[in-house]
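One point on numbering: in this note's numbering, the residue at position 46 of the sequence shown is 51, and numbering is uninterrupted.
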Amino acid sequence: MREWKQPEWFWWAIGIFSLSEIVFYLLFSSLGNSPKDISTASLIIGLLLYPIFTISILLFLDKSARKDINTLLYLAFPLVINIPFWLVFPDIIRQLTERIF
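Structural data, given as structure tokens:
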């Protein structure tokens, strides 16, 4: 079996960040916010909080763990599960094409 280069706190950080995203969206939607408000909040998480999270995790990792492809793939997991964030992009592209054409 393969030995992971990442320390145990790395897995806890990704798990807690991912779980907090899911809980945030569930609470945010249960409070009666509109889908537009949820997508705006997800844009803030995706563009502001996720890069801060990723950079801070990479700063605390060893050099060998930073260069591991598995580290980068597992760090991308919270962004991938941020589905409302991805739903914003078609709307942004539509608005940009309306302005251009």
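The C-beta atom is built at its ideal place from N, Cα and C for all residues, glycine as well. On a predicted model such as this, the values are computed, not experimentally measured, just so you know.
- Cβ-Cβ separation between I21 and Y30: approximately 15 Å, too far for a contact (criterion under 8 Å).
- Closest by C-alpha distance to L24, out of R99, D67, F94 and I86, is I86.
- Counting only runs of at least 4 residues, the stretch 28–56 fully encloses the following alpha helix (DSSP H) elements, listed from N- to C-terminal order: 40–49.
- Inter-segment contact for the stretch 89–98 and the stretch 62–73 is absent: fewer than three beta-carbon pairs are separated by less than 8 Å.
- In the three-state DSSP reduction, L66 falls in the coil class, being neither helix nor strand.
- Residue state for F106 is assigned as coil, using DSSP reduced to three classes.
- In the three-state scheme derived from DSSP, where H, G and I count as helix and E and B as strand, P12 is classed as coil.
- D73 and Q11 have their C-alpha atoms some 9 Å from each other.
- Taking all protein chains shown into account, E26 has 16 or more neighbouring C-beta atoms within 10 Å of its C-beta and is therefore buried.
- Rounded to whole angstroms, E103 and L78 show a C-alpha spacing of 35 Å.
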